[in-house]
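A.B. asks: Chains as they are written, first to last, in the working numbering: chain A, 131 to 660; chain B, -8 to 405.
All residues carry an ideal CB built from backbone N, CA and C; glycine is no exception.
These numbers were taken from a predicted model, which means no experiment stands behind them.
Once you've had a glance at the structure underneath, I'll fire off some questions.
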């Protein structure tokens, strides 16, 4: 018979196949094996909008595409023309002899019917409307009586009515003066800068008055006692100004602007059939302006070549008459001058494939003097600006025109090697060849990707338009070395070289042209691979 | 070497309940069934079998590291149109009380806690080829994947029940904690790979289920269920040979998986020619975008509760007592898992002395083909029994065979 007493249970170890093999698995990592996969990756329809943003393309009724590109050259606005510096004025109130003198209650310590003169350089303003700014009254009292201060701007209209600042300052001593600060917002204030007699400029009528408390005890004052008023104008930002803006000349030094139209082009030549370039000038300021363009230069920083635009526009100044003041806004004046292949070298200018445009010019303000009798004006959004408007019908000959793109390839972990296969149905009158390299972070070539085949152009009809799309294949091979380079931070540099199908005539690009492209992958892939 | 030492040092079993593959009969001298009071038994088992795929491949998958092409090729050359593979890993601890229950003689109380991790799958030759060699060799061909199914489930049970005085019969009700389930059923599926990979065309009719994807670690409850297990046994005479006849069922029940579980039902034709992109030169994130791929293939899961049957086991056994310590018999069983066919086991056993019972068995069916196994049960002293079994001895030493299983257990009587 078995003993009825419970026995301690011996610890038991459980087994399983997984347990048996667990030790080995830690060293080896998960099981992995290679498979050969063949699958479609992506498909896309490539149109001209993939090279040029469609916002820059205009299509006519026949489907002809024109490139319309606008780039601003320069702009002179209110900030350039007129600045109102912060200004502080001091109004002292004290006796000029030792004293003492007994001042009865209500005695005036400061009483100045004065003006504030703003420094606007050569500009003589008669009216100024502010969009921002403040005026601050600081009263410092060393007299043994409460004082009342009042600062009035008779030449200013505040949106909320009233035009003064008042302050009360408690009695003080020479050793311990009492101080009061009062601030008023100047947003929307209209200043008449003609002064109290309406015959000056840049001058604001001001009245400062400081009195002893009329209900106080009066004060005994010596030359050590004083009441000082400090008036500060800060952060003045004009919304509108009227006056005479002077006959100044603004030099626009040689300046270089980026032109992103051909950013992707790294090689080759482009022959354009027809190019039009419009220089558009806009004067939104109420003064006459002359603009003298020194030069306009197409800079291809890749090749180092420059082409200066040659046109009569550069032979004399352009006169821009003043804008019209509508009271609540303005109507700018416009100037436009178009040039094309017949009267300029604009085709060569553009065929230089510039990535920058440089220029220099001179702005002459009021070249004839104050012919408006002090009625030049400027609004906050007024400016003098110039822009280039480029109109290029896409009729062209491309010879080895090479577009470059960099692709950060996110290689799957287990990818070992493989072929990328491109299947194209090309409706463009271009032949396209692909050149691919693996490059490092400094764009230095690490290896060349083997590419076989090219994309054939669409077949042209008698009208030199593509009548039939053409199928073609292109295959690239990524070897183990290149895959490792890509996994280790390399990038794929793709260059697509375009050549028009007929190099003897300009070919029109139509909006219906497209390239259907499918990319498939045949790869050796390691499941659970590193 | 250490793992074999570990294996050999493991304490082993004796379970009357014949819960798993055990086919050793109950011997009156070795087992002394009527002399036991309380018993606590622990057992663990792990068995995998396949009808075509060699052990070397499965061992490679378990051990990790790179599986070379020759190794995979050997298993592929053995595959047929229909193949199956599965495993059953588990452990349980069981207490059976003294006779009697609530003063009623002939009944013993029983408490049982168990863990089970099972996988059953059936798959086509083409599916194996694609999984282990890729689809490139199917260029301009159709791969037949139809008839493929799998179910992987992990769950734990807590059961209470009653056993007969001789412990040969019992019934037990079980509460089931569903840890995870992952299953699929593809009655019809074909994959066409176009020339140069220009198209992948899948004709698909199938379903997929998965428990809450937020986690499936041990101890997590992603579903709750109930089950019944039991065995009825009787003794008869065949001529003058005593015959023990047993019918058993294990884990006959279900789990209701929680409402965060996911499932997918598709009856569709998928034609994939690549992800449509706007800019060929700006593919960053496109190819790795799982969301877009799911949308492209219409593989968005629906979330909600569903119910699955447990991988229950039905078994019938007959043990013949031949006398002089010799036994023979057979066991027929079926498990509710994809790829599992009825399994037949014939055995012979001999008592060695009064403490050891040694048996050999020949098995066919289940997930695999023919296996040759052996088991031994030994009594240490008067109240400790240990059992060690191997369901396919060649699988321990030959890589190019199919199937392998170990079972170990220990029981203490007091």
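Using CA atoms only, rank isn't needed, just tell me which of A:195, A:245, A:193 and A:258 is closest to residue 508 of chain A.
C.D. replies: By 1-based counting over the first chain, the position of residue 508 of chain A is 378. Nearest C-alpha to residue 508 of chain A: A:258.
A.B. asks: Work out the CA separation of residue 224 of chain B and residue 385 of chain B for me, nearest whole Å.
C.D. replies: Mapped onto the second chain, residue 385 of chain B falls at position 394. Mapped onto the second chain, residue 224 of chain B falls at position 233. Spanning the two alpha carbons is a distance of roughly 33 Å.
A.B. asks: What is the DSSP secondary structure of residue 186 of chain B, reduced to helix, strand or coil?
C.D. replies: Looking up residue 186 of chain B in the second chain gives position 195. Of the three classes helix, strand and coil, the one that applies to residue 186 of chain B here is helix, per DSSP.
A.B. asks: Here's the rule I'm using: 16 or more other beta-carbon atoms within 10 Å means buried, otherwise exposed. How should residue 12 of chain B be labelled?
C.D. replies: By one-based count along the second chain, residue 12 of chain B stands at place 21. With a pLDDT of 49 at residue 12 of chain B, under the threshold of 50, the modelled position of that residue is not reliable, and no figure is offered here.
A.B. asks: If you draw a straight line from the C-alpha of residue 154 of chain A to the C-alpha of residue 54 of chain B, how long is it?
C.D. replies: Within the first chain, numbered from 1, the residue matching residue 154 of chain A stands at position 24. Within the second chain, numbered from 1, the residue matching residue 54 of chain B stands at position 63. Below a pLDDT of 50, predicted positions are generally treated as unreliable, and residue 154 of chain A, at 44, falls in that range; the measurement from the model is reported next regardless. Each residue's alpha carbon lies about 6 Å from the other.
A.B. asks: Going by C-alpha to C-alpha distance, which of A:594, A:193 and A:312 sits closest to residue 641 of chain A?
C.D. replies: The count along the first chain starts at 1 and reaches residue 641 of chain A at position 511. The option with the nearest alpha carbon to residue 641 of chain A is A:193.
A.B. asks: At what residues does the beta strand (DSSP E) containing residue 434 of chain B begin and finish?
C.D. replies: Residue 434 of chain B cannot be examined here, being either before or after the span of chain B that is shown, -8 to 405.
A.B. asks: Using a beta-carbon distance cut-off of less than 8 Å, what residues from the stretch 612 to 646 of chain A approach chain B?
C.D. replies: The stretch 612 to 646 of chain A vs chain B, Cβ under 8 Å: 624.
A.B. asks: Kindly list, in the order they appear in chain A, the residues whose Cβ is closer than 8 Å to that of residue 412 of chain B.
C.D. replies: Residue numbering for chain B in the displayed model covers -8 to 405; residue 412 of chain B lies beyond these limits and cannot be assessed.
A.B. asks: State the start and end residues of the unbroken alpha helix (DSSP H) segment that holds residue 481 of chain A.
C.D. replies: In the first chain, counting from the first residue as 1, residue 481 of chain A sits at position 351. 476 to 481 is the span of the alpha helix (DSSP H), which, as asked, contains residue 481 of chain A.
A.B. asks: Would a check of beta-carbon distances place residue 161 of chain A closer than 7 Å to chain B?
C.D. replies: Your numbering for residue 161 of chain A matches position 31 in the first chain. Closer than 7 Å to some Cβ of chain B, the Cβ of residue 161 of chain A qualifies, so yes.
A.B. asks: List the DSSP bridge partners of residue 47 of chain B.
C.D. replies: As a working mapping, residue 47 of chain B is identified with position 56 in the second chain. For residue 47 of chain B, which the question treats as bridged, DSSP gives no partner whatsoever.
A.B. asks: In chain order, what residues of the same chain have a beta carbon less than 6 Å from the beta carbon of residue 148 of chain B, not counting five sequence neighbours either side?
C.D. replies: Indexing the second chain from 1 puts residue 148 of chain B at position 157. 105, 165 and 167, listed in sequence order.
A.B. asks: Let me check understanding here. Comparing Cα to Cα, which of B:216, B:250, B:330 and B:341 lies closest to residue 79 of chain B?
C.D. replies: As a working mapping, residue 79 of chain B is identified with position 88 in the second chain. Minimum Cα distance to residue 79 of chain B is reached at B:330.
A.B. asks: Return the CA-CA distance between residue 107 of chain B and residue 146 of chain B, expressed in angstroms with no decimal places.
C.D. replies: In the second chain, the residue the question calls residue 107 of chain B occupies position 116. In the second chain, the residue the question calls residue 146 of chain B occupies position 155. Going from the Cα of residue 107 of chain B to the Cα of residue 146 of chain B covers about 6 Å.
A.B. asks: With distances taken Cα to Cα, identify the nearest neighbour of residue 242 of chain A among A:232, A:272 and A:358.
C.D. replies: Mapped onto the first chain, residue 242 of chain A falls at position 112. Among A:232, A:272 and A:358, the Cα nearest to that of residue 242 of chain A is on A:358.
A.B. asks: If we require 4 or more residues per run, which alpha helix (DSSP H) segments fall completely within the stretch 174 to 220 of chain B?
C.D. replies: Qualifying alpha helix (DSSP H) stretches: none in this window.
A.B. asks: Do the stretch 540 to 552 of chain A and the stretch 505 to 525 of chain A touch if we need at least three Cβ pairs shorter than 8 Å?
C.D. replies: Too few Cβ pairs lie closer than 8 Å, so no.
A.B. asks: What is the DSSP secondary structure of residue 668 of chain A, counted as helix, strand or coil?
C.D. replies: Chain A is shown from 131 up to 660; residue 668 of chain A falls before or after that span and cannot be answered.
A.B. asks: Do residue 88 of chain B and residue 99 of chain B count as a contact pair if the criterion is CB distance below 7 Å?
C.D. replies: Position 108 of the second chain, counting from 1, holds the residue named residue 99 of chain B. Position 97 of the second chain, counting from 1, holds the residue named residue 88 of chain B. Taking 7 Å as the Cβ cut-off, residue 99 of chain B and residue 88 of chain B qualify as a contacting pair.
A.B. asks: Measure the CB-CB distance between residue 216 of chain B and residue 150 of chain B and report whether it falls below 7 Å.
C.D. replies: For the purposes of this step, residue 216 of chain B is taken as residue 225 along the second chain, with counting starting at 1. For the purposes of this step, residue 150 of chain B is taken as residue 159 along the second chain, with counting starting at 1. Taking 7 Å as the Cβ cut-off, residue 216 of chain B and residue 150 of chain B do not qualify as a contacting pair.
A.B. asks: Let me check understanding here. Comparing Cα to Cα, which of A:290, A:332 and A:256 lies closest to residue 314 of chain A?
C.D. replies: Locating residue 314 of chain A in the first chain gives position 184, counting from the first residue. When only C-alpha atoms are compared, the closest one is A:290.
A.B. asks: Could you give the distance in angstroms between the alpha-carbon of residue 538 of chain A and the alpha-carbon of residue 616 of chain A?
C.D. replies: On the first chain, residue 538 of chain A is found 408 positions in, with the first residue counted as 1. On the first chain, residue 616 of chain A is found 486 positions in, with the first residue counted as 1. Distance between the alpha carbons of residue 538 of chain A and residue 616 of chain A: 8 Å.
A.B. asks: By how many angstroms is the C-alpha of residue 487 of chain A removed from the C-alpha of residue 252 of chain A?
C.D. replies: For the purposes of this step, residue 252 of chain A is taken as the residue at position 122 of the first chain. For the purposes of this step, residue 487 of chain A is taken as the residue at position 357 of the first chain. Roughly 33 Å between the two C-alpha positions.
A.B. asks: Taking residue 314 of chain B as the reference, which of B:326, B:323, B:342 and B:321 has the closest Cα?
C.D. replies: Within the second chain, the letter at position 323 stands for residue 314 of chain B. Comparing Cα positions, the closest option is B:342.
A.B. asks: Taking only the alpha-carbon atoms, compute the straight-line gap between residue 175 of chain B and residue 182 of chain A and give it to the nearest angstrom.
C.D. replies: Here residue 175 of chain B refers to the residue found at position 184 when the second chain is read from its first residue. Here residue 182 of chain A refers to the residue found at position 52 when the first chain is read from its first residue. Those two C-alpha atoms are separated by around 49 Å.
A.B. asks: DSSP three-state label for residue 400 of chain A, please.
C.D. replies: Residue numbering aside, residue 400 of chain A sits at position 270 when the first chain is read from its first letter. Correct three-state label for residue 400 of chain A: strand.
A.B. asks: Could you give the distance in angstroms between the alpha-carbon of residue 91 of chain B and the alpha-carbon of residue 222 of chain B?
C.D. replies: What you label residue 91 of chain B is simply residue 100 of the second chain in a count that begins at 1. What you label residue 222 of chain B is simply residue 231 of the second chain in a count that begins at 1. Their backbone Cα atoms lie some 19 Å apart in a straight line.
A.B. asks: Nearest chain A C-beta to residue 97 of chain B closer than 7 Å, yes or no?
C.D. replies: The sequence position of residue 97 of chain B within the second chain is 106, counting from 1. Closer than 7 Å: no.
A.B. asks: On the premise that residue 301 of chain A lies in contact with residue 83 of chain A, defined as a C-beta separation below 8 Å, what is that separation, rounded to the nearest angstrom?
C.D. replies: Absent from the structure is residue 83 of chain A, since the part of chain A shown begins at 131 and ends at 660.
A.B. asks: In chain A, what lies closer than 8 Å to residue 58 of chain B by C-beta?
C.D. replies: For the purposes of this step, residue 58 of chain B is identified with residue 67 of the second chain, where counting begins at 1. Those are 161, 162 and 163, listed as they occur along chain A.
A.B. asks: On the DSSP letters alone, give me the boundaries of the alpha helix (DSSP H) that residue 116 of chain B sits inside.
C.D. replies: Reading the second chain from its first residue, position 125 is the one you call residue 116 of chain B. 116 to 124 is the span of the alpha helix (DSSP H), which, as asked, contains residue 116 of chain B.
A.B. asks: Does any residue of chain B have a CB that is nearer than 7 Å to the CB of residue 581 of chain A?
C.D. replies: Within the first chain, the letter at position 451 stands for residue 581 of chain A. It does not: the Cβ of residue 581 of chain A has no partner Cβ on chain B nearer than 7 Å.
A.B. asks: Mapping the DSSP letters down to three states, classify residue 214 of chain A as helix, strand or coil.
C.D. replies: In the first chain, the residue the question calls residue 214 of chain A occupies position 84. Residue 214 of chain A: coil per DSSP, three-state reduction.
A.B. asks: Say whether the stretch 526 to 541 of chain A touches the stretch 640 to 654 of chain A, bearing in mind that this needs 3 or more beta-carbon pairs closer than 8 Å, one atom from each stretch.
C.D. replies: Judged by Cβ distances under 8 Å, the stretch 526 to 541 of chain A makes no contact with the stretch 640 to 654 of chain A, as fewer than three pairs qualify.
A.B. asks: Quick check: is the beta carbon of residue 52 of chain B nearer than 7 Å to any beta carbon in chain A?
C.D. replies: Stepping through the second chain from its first residue, residue 52 of chain B is reached at position 61. Output row for residue 52 of chain B: interface = yes.
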